[in-house]
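Trainee:
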Amino acid sequence: MQNHLLTIAESVMLLPLLGAVLAGVFGKQLGRNGAHRVTVSLIAIAFFLSVYLVYAVVWQNQPAVSGDLYTWVVSGRAHFAIGILLDRLSAVMVCIVSFISLAVHIYTIGYMADDDGYQRFFSYVSLFTFAMFTLVLANSFLLMFFGWEGVGFVSYLLIGFWFGRDSAVFGSLKAFIVNRVGDVGFILALAAILLMFGSLDYGIVFPHAASVANQTIRVLPGVTVPALGLISVLLFIGAMAKSAQVPLHVWLPESMEGPTPISALIHAATMVTAGIYMIARCSWLFEYSPHTLSLILVLGGTTAFFMGILAINQTDIKRVIAYSTISQLGYMAVGLGASAYDAAIFHLVTHAFFKALLFLAAGSVILALHHEQDMRKMGGLARRLPITCFTFIVGALALSALPPFAGFYSKDAIIEAVHLSTTPGAHYAYYCVLAGAFLTPLYIFRAVWLTFYGTYRGEHDVGHVKESPWVVTFPLVLLAIPSVIAGYILAAPMLYDAPRLLGNSIFVLPQHAIYGEMVSSWPGAWQAALAAIHAPTFWLVIVGIIFSWLITMTLPRSGEFFKKRFRLLAWMIDNKYGFDALNQHILARGARALGRFFYTISDLILIDGIFVNGSGRGIRWLARVSRRLQTGHLYHYAFAMVAGLAILLLWLLW
Amino acid sequence: MFFNSIILTLLIWFPVLGAVLALLIGDSGGKNSARTIGILVAVGNLLLCIPLYLGFDTSSYAMQFVEDHLWIRAYQVHYALGVDGISLAMIILTNFTGLLVILAGCQAIKTHISQYIAAFLIMQGMMIGVFAATDAILFYVFWEGMLIPMYLSIGMWGSANRSYASIKFFLYTFLGSILMLVGFLYLYIHTGTFDIRHYYGLGLSPHVQILLFFAFLFAFAVKVPMWPLHTWLPDAHTEAPAGGSVVLAALMLKLGVYGFLRFSMPIVPQACEQLAWMMIILSLIAIVYIGLVAIVQTDMKKLIAYSSIAHMGFATLGCFMVYDIIRHTHNYLDAYMSLEGAVVQMIAHAFGSGAMFLGVGMLADRFYNHSRNIRDYGGVAHSMPIFAAFYMVFAMSNVGLPGTAGFVGEFMVIMSAFHAHFFIGFIAALTLVLSASYTLWMYRRVFFGPVANTHVAAMSDMHGLETINYILLAIGVFALGLYPAPILNLLHATVGHLLLQSLPIAPMALPVTGV
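Chains as they are written, first to last, in this note's numbering: chain A, 582 to 1235; chain B, 10 to 524.
Rendered as structure tokens:
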């Protein structure tokens, strides 16, 4: 029974790879239709299999299974195997990833219909899905790192999909390099884990976490740090890059240069949540590192609030959603920091639905307007694009966490958890996420009003704007349904029932456990939605929506007014707090300057100039000098002989 | 098993014989006859590796396929050959690379094709000799013999500044090896034999060990090359023909590390342990300093050359970290991964950088003035999509993406570095960012963006032997990246024995078995 689950999980993992190879290598032979038929059907099979996996592992309550496929490296005491783990957490993740991927695959048929790289795109998207499955299904940190780097690589390919455009190519390079900064942390964490546990397998590492909790690692002569503290911080650095936490978030807005379907799949629903998934997976390690939890709380809260502010200032519809994604990832991080791993994963799930929906709906608008992304050139599209508009608003409401939409349950759980948490930093994070609850409806409904209401401000003839084909709108509807009901259905099993849906995939120390209190005050899904009317968060959302209407529709000049009154603040927001400038001017330029210094001063002048060519010159000089000794005059030689003899005699007599 | 006792001789002299044949026929005997000979000999040699690989006993650390004939009676010089796990891996790599270079030359070289083929076949034979020799003088003869065809190939088929580069190359490497010869002579006087195996475990005095260490160091550090003896490499690479660059990067650099493993570590273990800190620092300088220098290069070949130095830094780091690791974890089994990582890094680097150098050759061949300047290109992916896709694979191997060959060695060395010290691991791990920066920056400038000019637009995609070459290399990159276990199996016994030889502590105190 267990083996057959593993086989299914393996095929889920490998099906997209097959699709990617077929569409990539035989794209020309398959043709456009062939390519999308192959990849879409393979992903569809993977999706149905993954539903079965969830059914088996969650409903039938079968125990987690783990199995090695083959041995990758054996060296000394270290033994690295490639293997997969199917437990509740990975089953849920696979199901979500394959669902979103399926929706995006179908959507792509319409969105990329006119693109020359049609087959290539399908190949990449399937390859990405494979990498994401690898990341999620791995049973060791090693294979997780394979998937981790794999998604980063395919994301690089996809952001730069239109490789003729300089902005896209720049964005892709930036994304890859920033992610690599995080990977330095990740690979060092792997090394530390190997040093402390002697293995990278989850099955060996996690059960022994408690016994390693008191050990230390020497980082500098005379400086030792708690081993798990170091490991968890290093892992978190990896997560910061992948899940766009301040200050390694800078690549995500730039990633919007890629085609919209992948913004939905990679930069909203799946890859960027890999960091969240990883930390939840490693709850064993993080639970014993209270300082890291505090760090996550503070950085997560900062990300949730300050990146939400930036979303208000964007004019590109995709960038609004991108900053919103960063902010929502901050929420998830806060959930992790408060030891509410289940709540963070719950928000990851609901967010995947509604954020993918928002991106795809935005893509539908972009498609209808012939690749116009500037909201200042939109407006009044509600009647032209009824399905797109309706689903976008559904997504916006879910994102704003209005009860009883999906986002409400998950976001409220995080806010409540961090409120109850006693980990240092929780207070700060609480106020950040609370303020964020007001910002979210503000920026997303600003986008709604600017795009779909008011008058059309674009250059294209609005009469030609028509609703996208069914392959585009169908995935929107497909995603709109869970955006409405997923929270209502999943809230109780994910958080409040016993045992919780993720069960023992997650480990929480007793002193961090806050669910008890949350469960005791849980009235049931429907009652919770009704009771929310009495809670401050609900009213923050309502005020946020109204306020957004005011600043965009009734007082469109309020933005300029704000900029004049609060110059410094506006300047900071315009420059995105200066992170780009720091990276561009100080880090990147600094590295180049250092490289140039080493190259010209040290390599060319010192080593080559003085030592190598210098010694060549030196020998030539020596030759010139010694040539003078060979004068050809007999008396010179006679003198030398006599002098030599004299010196020799003197030396012997001494 | 008569065949087994001559297989190494065959591997060495068959290419040389082929070279003589190619020279005799010359370019007059039809354009393709020299090419045919070259390809046949290279393929034949590669096929000879199959019985070598299959007949090799991975459980033994002893030299296998040994041949021993007295060569110069007066000095007890023997024609003695034999392979262990490390040299077997390197010989297979040499033959693989040899085939690639011949194939590349067949398509790219237009003048003096028979001499080109001959030069590279002789180089291949000499290099196999270096890896197979178990007699110090024989080793030295092959070691120097290999320089001559290399020197000629840079001088004859190189580009504008070739005479400066070829002389610099020759003097650098020759001066280095002279000191090595002095070291051998000392050991001969001390032991009365040139058999390398008799040099192990001599228990030389610390003072002598240090002197010998530096004599060897100069020879090997030039080859690797280690900072600050590295400046000949970028010049040699830029001026060499593509095939020459491939041999340089894929094989010749490895000779330095091979020398450390074969001579320095087992013969002068105490000196190695005492001076390991210096070697670690030089290796880390190679990784970071050279990585930064690579970022500002404008010549594609120079960039890859610097990248090679940085990657070889991992190999030397892996070699000399073993002492720190054992001191830190008190278990010599932990040092395996460091040394094996170093060897894997050497092999992996051959695939990645070899392919990248070949690619630069393909680009330059197609460009009207054979420019290697990154600035002259742009948008090549539009005109050469298949080439761009392949090149992405090799670039990613250079970057060290998991699943490609480049990852395995780097991963193993970084893991081991952490065992030695957090800080060594940290600095080594910076390569993740640096290698991504310079490799992808170059890729972006050359392949992405709008088509830069009409010359780029006119370039035709790869075809014929080029495609075969790249398919072979891609298979190598993925095979080693996804399933490195078979190669590591070759190494375990040899590395374990080497470790025991190289530890200044009495081997009795250590557990002998375990893996």
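We put the CB at the ideal spot given by N, CA and C, even for glycine.
Which of the residues in the region 221–252 of chain B, read from start to end, lie with their CB under 9 angstroms from any CB of chain A?
Mentor: Correct list: 236, 237, 238, 239, 240, 241, 243 and 244.
Trainee: Could you check whether residue 250 of chain B and residue 167 of chain B sit closer than 9 angstroms to each other, using their CB atoms as the reference points?
Mentor: Along the second sequence, one-based indexing puts residue 167 of chain B at 158. Along the second sequence, one-based indexing puts residue 250 of chain B at 241. Yes; because the gap between Cβ atoms is below 9 angstroms, this pair is in contact.
Trainee: Cα separation between residue 159 of chain B and residue 128 of chain B?
Mentor: Start at 1 with the first residue of the second sequence, and residue 159 of chain B comes out as number 150. Start at 1 with the first residue of the second sequence, and residue 128 of chain B comes out as number 119. Using only the alpha carbons, I get a separation of about 7 angstroms.
Trainee: Residues bridged to residue 799 of chain A by DSSP?
Mentor: Locating residue 799 of chain A in the first sequence gives position 218, where the first residue counts as 1. The partner list for residue 799 of chain A (beta bridge, DSSP) reads A:805.
Trainee: DSSP puts residue 661 of chain A in a beta bridge; with which residues?
Mentor: Position 80 of the first sequence, counted from the start, is the residue given in the question as residue 661 of chain A. Partner(s): A:654.
Trainee: Go through its chain and collect everything with a Cβ distance to residue 75 of chain B's Cβ below 6 angstroms, but skip five positions before and after it.
Mentor: Here residue 75 of chain B refers to the residue found at position 66 of the second sequence. Here the set comprises 91.
Trainee: How many Å lie between residue 328 of chain B and residue 335 of chain B at the Cα?
Mentor: The residue labelled residue 328 of chain B in the question sits at position 319 within the second sequence. The residue labelled residue 335 of chain B in the question sits at position 326 within the second sequence. One C-alpha to the other measures close to 13 angstroms.
Trainee: Roughly how many angstroms separate the alpha carbons of residue 916 of chain A and residue 909 of chain A, rounded to a whole number?
Mentor: Sequence index remark: in the first sequence, residue 916 of chain A carries index 335 (1-based). Sequence index remark: in the first sequence, residue 909 of chain A carries index 328 (1-based). Between residue 916 of chain A and residue 909 of chain A, the C-alpha separation is close to 11 angstroms.
Trainee: Quick check on the DSSP output: what are the complete alpha helix (DSSP H) runs of length 4 or more inside the region 1096–1177 of chain A, in order along the chain?
Mentor: 1096–1101, 1106–1112, 1117–1130, 1139–1146 and 1148–1155
Trainee: Which residue wins for smallest C-alpha separation from residue 704 of chain A, given the options A:640, A:617, A:726 and A:684?
Mentor: Here residue 704 of chain A is taken as the residue at index 123 of the first sequence, counted from 1. Cα-wise, what sits closest to residue 704 of chain A is A:617.
Trainee: Can you grab the Cα-Cα spacing for the pair residue 23 of chain B / residue 476 of chain B, in whole Å?
Mentor: Residue numbering aside, residue 23 of chain B sits at position 14 when the second sequence is read from its first letter. Residue numbering aside, residue 476 of chain B sits at position 467 when the second sequence is read from its first letter. Distance between the alpha carbons of residue 23 of chain B and residue 476 of chain B is about 27 angstroms.
Trainee: What three-state label does DSSP hand residue 308 of chain B in the structure shown?
Mentor: Numbered from its first residue, the second sequence carries residue 308 of chain B at position 299. If DSSP states are grouped into helix, strand and coil, residue 308 of chain B belongs with the strands.
Trainee: For the 8 angstroms Cβ check, are there 3 or more pairs between the region 969–981 of chain A and the region 850–860 of chain A?
Mentor: no
Trainee: Give the range of the alpha helix (DSSP H) segment to which residue 80 of chain B is assigned.
Mentor: Counted from its first residue, the second sequence places residue 80 of chain B at position 71. Counting along the chain, residue 80 of chain B falls outside any alpha helix (DSSP H), though it belongs to the beta strand (DSSP E) covering 73–81.
Trainee: When you compare the CB positions of residue 1093 of chain A and residue 953 of chain A, do they come within less than 9 angstroms of one another, or not?
Mentor: Taking the first residue of the first sequence as position 1, residue 1093 of chain A is located at position 512. Taking the first residue of the first sequence as position 1, residue 953 of chain A is located at position 372. Result no, Cβ atoms of residue 1093 of chain A and residue 953 of chain A do not sit closer than 9 angstroms.
Trainee: Helix, strand or coil for residue 25 of chain B per DSSP?
Mentor: Position 16 of the second sequence, counting from 1, holds the residue named residue 25 of chain B. Residue state, collapsed to three classes: helix.
Trainee: In whole angstroms, what is the alpha-carbon distance linking residue 365 of chain B and residue 139 of chain B?
Mentor: Here residue 365 of chain B corresponds to residue number 356 of the second sequence, with the count starting at 1. Here residue 139 of chain B corresponds to residue number 130 of the second sequence, with the count starting at 1. Taking the straight line from one Cα to the other gives about 25 angstroms.
Trainee: Do you know how far the Cα of residue 34 of chain B is from the Cα of residue 42 of chain B?
Mentor: Your numbering for residue 42 of chain B matches position 33 in the second sequence. Your numbering for residue 34 of chain B matches position 25 in the second sequence. Using only the alpha carbons, I get a separation of about 8 angstroms.
Trainee: Looking at the unbroken beta strand (DSSP E) that takes in residue 91 of chain B, where does it start and where does it end?
Mentor: On the second sequence, position 82 is the one that residue 91 of chain B refers to. Unbroken beta strand (DSSP E) run through residue 91 of chain B: 86–92.
Trainee: Mapping DSSP to helix, strand and coil, what is residue 462 of chain B?
Mentor: Position 453 of the second sequence holds residue 462 of chain B. Coil, per DSSP.
Trainee: On a CA-only basis, which of B:346, B:111 and B:318 is nearest residue 331 of chain B? Give me that one, please.
Mentor: For the purposes of this step, residue 331 of chain B is taken as residue 322 along the second sequence, with counting starting at 1. Out of B:346, B:111 and B:318, B:346 has the C-alpha closest to the C-alpha of residue 331 of chain B.
Trainee: Would you identify the three-state DSSP class for residue 897 of chain A, choosing helix, strand or coil?
Mentor: The residue labelled residue 897 of chain A in the question sits at position 316 within the first sequence. Three-state result, residue 897 of chain A: strand.
Trainee: For residue 522 of chain B, which residues in the same chain have their Cβ closer than 8 angstroms to its Cβ, ignoring the five residues on either side in sequence?
Mentor: Numbered from its first residue, the second sequence carries residue 522 of chain B at position 513. Low confidence applies to residue 522 of chain B: its pLDDT is 43, below 50, so where it sits in the model is not reliable, and the reading given next is rough at best. Cβ within range, chain order: n/a, list empty.
Trainee: Residues in the region 906–936 of chain A with C-beta within 8 angstroms of chain B's C-beta atoms, listed in sequence order?
Mentor: none
Trainee: Examine chain A for any beta-carbon lying closer than 9 angstroms to the beta-carbon of residue 298 of chain B, and answer yes or no.
Mentor: Here residue 298 of chain B corresponds to residue number 289 of the second sequence, with the count starting at 1. Taking 9 angstroms as the CB threshold, residue 298 of chain B lines the interface with chain A.
Trainee: Could you check whether the Cβ of residue 653 of chain A sits closer than 9 angstroms to any Cβ belonging to chain B?
Mentor: Walking along the first sequence from the start, residue 653 of chain A turns up at place 72. Closer than 9 angstroms: yes.
Trainee: Per DSSP, which residues does residue 142 of chain B bridge with? Please list them.
Mentor: Taking the first residue of the second sequence as 1, we reach residue 142 of chain B at position 133. Residue 142 of chain B pairs with B:90.
Trainee: What does a CB cutoff of less than 6 angstroms around residue 86 of chain B pick up in its chain, not counting 5 residues either side in sequence?
Mentor: Stepping through the second sequence from its first residue, residue 86 of chain B is reached at position 77. Taken in chain order, the residues that qualify are 80, 146 and 203.
Trainee: Answer with yes or no whether the minimum CB distance from residue 632 of chain A to chain B is below 9 angstroms.
Mentor: As a first step, residue 632 of chain A must be located in the first sequence, where it is residue number 51. Not closer than 9 angstroms to any Cβ of chain B, the Cβ of residue 632 of chain A fails to qualify, so no.
Trainee: Using a Cβ-Cβ distance under 9 angstroms, would residue 997 of chain A count as near chain B?
Mentor: Here the question's residue 997 of chain A lines up with position 416 in the first sequence. So no, residue 997 of chain A is outside the interface.
Trainee: To which residues of the same chain is residue 1060 of chain A closer than 6 angstroms at the C-beta, ignoring the five residues directly before and after it?
Mentor: As a first step, residue 1060 of chain A must be located in the first sequence, where it is residue number 479. Only 684, 934, 937 and 938 meet the Cβ criterion.
Trainee: From the beta carbon of residue 94 of chain B, is the nearest beta carbon of chain A less than 9 angstroms away?
Mentor: As a first step, residue 94 of chain B must be located in the second sequence, where it is residue number 85. It does not: the Cβ of residue 94 of chain B has no partner Cβ on chain A nearer than 9 angstroms.
Trainee: DSSP has residue 647 of chain A in a bridge; who is on the other side?
Mentor: Position 66 of the first sequence, counted from the start, is the residue given in the question as residue 647 of chain A. DSSP, once it has assigned bridges, lists A:666 as partnering residue 647 of chain A.
Trainee: Counting only beta-carbon atoms, is residue 730 of chain A nearer than 9 angstroms to chain B?
Mentor: Taking the first residue of the first sequence as position 1, residue 730 of chain A is located at position 149. So yes, residue 730 of chain A belongs to the interface.
Trainee: So with CB distances below 8 angstroms, who are the chain B contacts of residue 1198 of chain A?
Mentor: Residue 1198 of chain A sits at position 617 when you count from the first residue of the first sequence. By Cβ distance, chain B contributes nothing, its closest Cβ being about 14 angstroms from residue 1198 of chain A, past 8 angstroms.
Trainee: Kindly identify the DSSP beta-bridge partner or partners of residue 955 of chain A.
Mentor: Your numbering for residue 955 of chain A matches position 374 in the first sequence. Answer is A:897.
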